[in-house]
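**Student:** So that we are looking at the same thing, I have put the structure below in C-alpha coordinates.
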Amino acid sequence: MGKIVLATIIISGSAKWLLKVGGNKEKWYGSDRIFMYVMTVFGAMTVNYSEQCTEYGWVVSNLRLLAGCLLAGGLLSAAYMDRRNCWVYNYVWWWCLPWAGILGMTAGGEFSGIVAVLVFVMLQQLLFSRMYGKADCHAFSVCALAECGNAVGMVGFLLQMFLSVVLLTIVQLFRGNVTPRGRLREPQPFIPYIITAFFSVTFLESVFRTTYIYA
2 MGKIVLATII ISGSAKWLLK VGGNKEKWYG SDRIFMYVMT VFGAMTVNYS
52 EQCTEYGWVV SNLRLLAGCL LAGGLLSAAY MDRRNCWVYN YVWWWCLPWA
102 GILGMTAGGE FSGIVAVLVF VMLQQLLFSR MYGKADCHAF SVCALAECGN
152 AVGMVGFLLQ MFLSVVLLTI VQLFRGNVTP RGRLREPQPF IPYIITAFFS
202 VTFLESVFRT TYIYA
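All letters in the sequence shown, in the order written, are residues 2 to 216 by this note's numbering.
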(Lines of atoms letter the chains of each structure in order from A and count residues from 1; the text may use other names and numbers.)
(Lines give C-alpha, C1' and ligand atoms only; values in the text may rest on other atoms or scores of the structure.)
Protein backbone atom coordinates (compact mmCIF):
# COMPACT_ATOMS: atom_id res chain seq x y z
CA MET A 1 0.00 0.00 0.00
CA GLY A 2 2.86 2.34 0.86
CA LYS A 3 4.42 1.94 -2.59
CA ILE A 4 1.10 2.72 -4.27
CA VAL A 5 0.81 5.95 -2.27
CA LEU A 6 4.41 6.89 -3.13
CA ALA A 7 3.83 6.06 -6.81
CA THR A 8 0.68 8.20 -6.80
CA ILE A 9 2.62 11.15 -5.38
CA ILE A 10 5.42 10.79 -7.96
CA ILE A 11 3.02 10.44 -10.90
CA SER A 12 0.83 13.35 -9.81
CA GLY A 13 3.81 15.55 -8.97
CA SER A 14 5.65 14.93 -12.24
CA ALA A 15 2.47 15.48 -14.28
CA LYS A 16 1.72 18.78 -12.57
CA TRP A 17 5.34 19.90 -12.89
CA LEU A 18 5.34 19.17 -16.63
CA LEU A 19 2.17 21.22 -17.02
CA LYS A 20 3.91 24.20 -15.40
CA VAL A 21 7.13 24.05 -17.43
CA GLY A 22 7.58 27.11 -19.61
CA GLY A 23 4.94 29.12 -17.74
CA ASN A 24 2.10 26.75 -18.52
CA LYS A 25 -0.52 27.33 -15.82
CA GLU A 26 -3.09 24.63 -16.51
CA LYS A 27 -4.94 23.36 -13.45
CA TRP A 28 -7.03 20.25 -13.05
CA TYR A 29 -10.74 20.98 -12.73
CA GLY A 30 -14.15 19.60 -13.71
CA SER A 31 -14.17 16.36 -15.66
CA ASP A 32 -10.43 16.80 -16.27
CA ARG A 33 -9.82 16.60 -12.52
CA ILE A 34 -11.82 13.38 -12.23
CA PHE A 35 -10.02 11.84 -15.22
CA MET A 36 -6.56 12.80 -13.94
CA TYR A 37 -7.18 11.57 -10.39
CA VAL A 38 -8.62 8.25 -11.55
CA MET A 39 -5.82 7.67 -14.08
CA THR A 40 -3.16 8.68 -11.54
CA VAL A 41 -4.34 6.03 -9.09
CA PHE A 42 -4.79 3.46 -11.88
CA GLY A 43 -1.31 4.24 -13.17
CA ALA A 44 0.19 3.90 -9.69
CA MET A 45 -1.51 0.54 -9.16
CA THR A 46 -0.40 -0.67 -12.60
CA VAL A 47 3.24 0.38 -12.18
CA ASN A 48 3.46 -1.05 -8.66
CA TYR A 49 1.77 -4.35 -9.51
CA SER A 50 3.80 -4.85 -12.69
CA GLU A 51 7.05 -4.60 -10.70
CA GLN A 52 5.79 -6.89 -7.94
CA CYS A 53 5.26 -9.56 -10.58
CA THR A 54 8.86 -9.61 -11.78
CA GLU A 55 12.03 -11.32 -10.61
CA TYR A 56 14.47 -8.42 -11.02
CA GLY A 57 16.95 -7.53 -8.30
CA TRP A 58 16.20 -4.81 -5.77
CA VAL A 59 18.07 -2.07 -7.64
CA VAL A 60 16.62 -2.81 -11.08
CA SER A 61 13.13 -3.33 -9.71
CA ASN A 62 13.09 0.02 -7.92
CA LEU A 63 14.67 1.76 -10.91
CA ARG A 64 11.90 0.38 -13.09
CA LEU A 65 9.30 1.44 -10.53
CA LEU A 66 10.63 5.02 -10.57
CA ALA A 67 10.88 5.06 -14.37
CA GLY A 68 7.33 3.73 -14.66
CA CYS A 69 6.00 6.46 -12.37
CA LEU A 70 7.81 9.24 -14.24
CA LEU A 71 6.65 7.85 -17.59
CA ALA A 72 3.07 7.68 -16.30
CA GLY A 73 3.34 11.28 -15.15
CA GLY A 74 4.51 12.33 -18.60
CA LEU A 75 1.72 10.43 -20.33
CA LEU A 76 -0.88 11.92 -17.98
CA SER A 77 0.33 15.46 -18.67
CA ALA A 78 0.11 14.71 -22.41
CA ALA A 79 -3.43 13.40 -21.96
CA TYR A 80 -4.43 16.53 -20.06
CA MET A 81 -2.95 18.84 -22.70
CA ASP A 82 -4.72 16.87 -25.41
CA ARG A 83 -8.05 17.07 -23.55
CA ARG A 84 -7.73 20.80 -22.90
CA ASN A 85 -5.93 22.08 -26.01
CA CYS A 86 -5.84 19.24 -28.59
CA TRP A 87 -2.06 19.57 -28.79
CA VAL A 88 0.93 18.47 -26.69
CA TYR A 89 4.24 20.25 -26.07
CA ASN A 90 7.21 18.40 -27.57
CA TYR A 91 9.15 18.55 -24.29
CA VAL A 92 6.66 16.06 -22.82
CA TRP A 93 7.81 13.40 -25.28
CA TRP A 94 11.47 14.14 -24.55
CA TRP A 95 10.59 13.62 -20.88
CA CYS A 96 8.86 10.30 -21.59
CA LEU A 97 11.57 8.91 -23.90
CA PRO A 98 14.32 8.04 -21.35
CA TRP A 99 11.89 6.50 -18.85
CA ALA A 100 10.26 4.38 -21.54
CA GLY A 101 13.76 3.39 -22.69
CA ILE A 102 14.73 2.27 -19.18
CA LEU A 103 11.61 0.12 -18.93
CA GLY A 104 12.19 -1.40 -22.34
CA MET A 105 15.93 -2.03 -21.99
CA THR A 106 15.85 -3.48 -18.45
CA ALA A 107 13.09 -6.01 -19.12
CA GLY A 108 15.53 -8.56 -20.51
CA GLY A 109 13.74 -8.95 -23.81
CA GLU A 110 15.18 -10.28 -27.05
CA PHE A 111 16.67 -8.31 -29.94
CA SER A 112 13.53 -9.00 -31.96
CA GLY A 113 11.62 -6.78 -29.54
CA ILE A 114 13.86 -3.82 -30.38
CA VAL A 115 13.41 -4.46 -34.09
CA ALA A 116 9.63 -4.60 -33.61
CA VAL A 117 9.69 -1.22 -31.85
CA LEU A 118 11.76 0.38 -34.61
CA VAL A 119 9.40 -0.93 -37.29
CA PHE A 120 6.35 0.16 -35.27
CA VAL A 121 7.74 3.67 -34.75
CA MET A 122 8.45 3.98 -38.48
CA LEU A 123 4.88 2.90 -39.24
CA GLN A 124 3.56 5.47 -36.78
CA GLN A 125 5.59 8.35 -38.18
CA LEU A 126 5.26 7.51 -41.88
CA LEU A 127 1.87 5.81 -42.22
CA PHE A 128 -0.42 6.30 -39.23
CA SER A 129 0.50 9.99 -38.92
CA ARG A 130 -1.74 10.51 -41.95
CA MET A 131 -4.71 9.12 -40.02
CA TYR A 132 -4.32 10.99 -36.71
CA GLY A 133 -2.10 13.61 -35.08
CA LYS A 134 1.66 13.48 -34.58
CA ALA A 135 1.19 13.62 -30.81
CA ASP A 136 -0.89 10.44 -31.00
CA CYS A 137 1.93 8.79 -32.98
CA HIS A 138 4.45 9.86 -30.34
CA ALA A 139 2.23 8.44 -27.58
CA PHE A 140 1.93 5.06 -29.30
CA SER A 141 5.69 5.03 -29.96
CA VAL A 142 6.62 5.79 -26.35
CA CYS A 143 4.25 3.10 -25.05
CA ALA A 144 5.71 0.57 -27.49
CA LEU A 145 9.25 1.39 -26.36
CA ALA A 146 8.26 0.82 -22.74
CA GLU A 147 6.78 -2.57 -23.68
CA CYS A 148 9.53 -3.78 -26.04
CA GLY A 149 11.16 -6.03 -23.44
CA ASN A 150 7.96 -7.85 -22.46
CA ALA A 151 7.79 -10.11 -25.52
CA VAL A 152 4.54 -8.54 -26.74
CA GLY A 153 6.05 -7.82 -30.17
CA MET A 154 4.37 -6.14 -33.10
CA VAL A 155 1.10 -7.99 -32.47
CA GLY A 156 0.97 -6.57 -28.95
CA PHE A 157 1.60 -3.02 -30.17
CA LEU A 158 -1.14 -3.30 -32.79
CA LEU A 159 -3.56 -4.82 -30.27
CA GLN A 160 -2.98 -1.84 -28.00
CA MET A 161 -3.79 0.45 -30.93
CA PHE A 162 -6.95 -1.53 -31.60
CA LEU A 163 -8.00 -1.33 -27.94
CA SER A 164 -7.47 2.45 -27.98
CA VAL A 165 -9.76 2.78 -31.00
CA VAL A 166 -12.36 0.49 -29.40
CA LEU A 167 -12.39 2.58 -26.21
CA LEU A 168 -12.73 5.79 -28.24
CA THR A 169 -15.56 4.31 -30.30
CA ILE A 170 -17.51 3.03 -27.28
CA VAL A 171 -17.32 6.35 -25.43
CA GLN A 172 -18.23 8.41 -28.49
CA LEU A 173 -21.11 6.09 -29.38
CA PHE A 174 -22.44 6.56 -25.87
CA ARG A 175 -22.17 10.33 -26.34
CA GLY A 176 -23.87 10.22 -29.75
CA ASN A 177 -20.79 11.62 -31.45
CA VAL A 178 -20.56 8.97 -34.20
CA THR A 179 -22.25 9.37 -37.59
CA PRO A 180 -24.05 6.50 -39.38
CA ARG A 181 -20.90 6.19 -41.52
CA GLY A 182 -18.78 5.52 -38.45
CA ARG A 183 -17.03 8.89 -38.30
CA LEU A 184 -16.84 11.34 -35.42
CA ARG A 185 -19.18 14.31 -35.63
CA GLU A 186 -16.67 16.38 -33.67
CA PRO A 187 -12.94 15.51 -33.37
CA GLN A 188 -11.93 14.21 -29.96
CA PRO A 189 -8.57 13.95 -28.16
CA PHE A 190 -7.12 10.47 -28.64
CA ILE A 191 -4.24 10.35 -26.14
CA PRO A 192 -6.48 9.78 -23.07
CA TYR A 193 -7.71 6.57 -24.71
CA ILE A 194 -4.16 5.59 -25.69
CA ILE A 195 -2.85 5.78 -22.13
CA THR A 196 -5.95 4.06 -20.75
CA ALA A 197 -5.30 1.18 -23.15
CA PHE A 198 -1.59 1.19 -22.24
CA PHE A 199 -2.25 1.01 -18.49
CA SER A 200 -4.90 -1.67 -19.02
CA VAL A 201 -2.68 -3.84 -21.22
CA THR A 202 0.27 -3.48 -18.84
CA PHE A 203 -1.89 -4.44 -15.86
CA LEU A 204 -3.34 -7.48 -17.63
CA GLU A 205 0.14 -8.59 -18.74
CA SER A 206 1.21 -8.50 -15.09
CA VAL A 207 -1.79 -10.59 -14.05
CA PHE A 208 -1.07 -13.20 -16.73
CA ARG A 209 2.63 -13.22 -15.85
CA THR A 210 1.79 -13.84 -12.19
CA THR A 211 -0.58 -16.65 -13.12
CA TYR A 212 2.14 -18.25 -15.27
CA ILE A 213 4.87 -17.94 -12.63
CA TYR A 214 2.83 -19.32 -9.75
CA ALA A 215 0.74 -21.85 -11.69
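Backbone N, C-alpha and C define an ideal beta-carbon position, used for all residues, glycine too.
1. Measuring straight from C-alpha to C-alpha, what distance separates alanine 79 and valine 93?
2. If you compare alpha carbons, which of Gly134, Leu7 and Met123 is closest to asparagine 91?
3. Would you mind sorting serine 207 into buried or exposed? The rule is 16 or more other CB atoms within 10 Å of its CB.
4. In three-state DSSP terms, what is leucine 66?
5. Closest to asparagine 116 by CA distance: which of Ile192, Cys149, Arg182 and Phe36 is it?
6. Report, in whole angstroms, the separation of the C-beta atoms of glycine 69 and leucine 124, which I expect to be a contact under 8 Å.
7. Give me, in chain order, the residues of the same chain whose beta-carbon lies closer than 6 Å to that of alanine 8; leave out the 5 immediate sequence neighbours on both sides.
8. Measuring straight from C-alpha to C-alpha, what distance separates threonine 197 and proline 188?
9. What do you reckon, are the CB atoms on cysteine 97 and glycine 75 nearer than 7 Å?
10. Under a three-way DSSP split, which group does valine 179 fall into?
11. Below 6 Å CB to CB, which residues in the same chain sit around valine 118 once its five sequence neighbours on both sides are set aside?
12. Would you identify the three-state DSSP class for leucine 160, choosing helix, strand or coil?
13. Determine the contact status of phenylalanine 200 and aspartate 137, defining contact as a CB-CB distance below 7 Å.
14. Looking at the unbroken alpha helix (DSSP H) that takes in glutamate 148, where does it start and where does it end?
15. Mapping the DSSP letters down to three states, classify leucine 185 as helix, strand or coil.
16. Roughly how many angstroms lie between the CA atoms of serine 142 and phenylalanine 163, to the nearest whole one?
17. Considering only the alpha carbon of each residue, which of Gly14, Val120 and Trp18 lies closest to methionine 155?
**Tutor:** Answer, in terms of the structure:
1. Those two C-alpha atoms are separated by around 7 Å.
2. That would be Gly134, whose Cα lies nearest to the Cα of asparagine 91.
3. Answer is buried; the Cβ neighbour count reaches 16.
4. In the three-state scheme derived from DSSP, where H, G and I count as helix and E and B as strand, leucine 66 is classed as helix.
5. In the sequence under discussion, the amino acid at residue 116 is valine, which differs from the asparagine named in the question. Valine 116 has its Cα closest to that of Cys149, out of Ile192, Cys149, Arg182 and Phe36.
6. That pair is no contact at about 25 Å.
7. Non-local C-beta neighbours of alanine 8 in its own chain, meaning closer than 6 Å and more than five positions away in sequence, comprise Ala45, Val48, Asn49 and Cys70, ordered along the chain.
8. Rounded to whole angstroms, threonine 197 and proline 188 show a C-alpha spacing of 18 Å.
9. Yes.
10. Of the three classes helix, strand and coil, the one that applies to valine 179 here is strand, per DSSP.
11. For valine 118, where only same-chain residues beyond five positions count, the Cβ hits under 6 Å are Ala145, Leu146 and Cys149.
12. The DSSP-derived three-state label of leucine 160 is helix.
13. Their beta carbons are not under 7 Å apart, which means phenylalanine 200 does not touch aspartate 137 by this criterion.
14. DSSP places glutamate 148 in the uninterrupted alpha helix (DSSP H) bounded by 135-148.
15. Three-state result, leucine 185: strand.
16. Rounded to the nearest angstrom, the two C-alpha atoms are 14 Å apart.
17. The alpha carbon of methionine 155 has as its nearest neighbour, out of Gly14, Val120 and Trp18, the alpha carbon of Val120.
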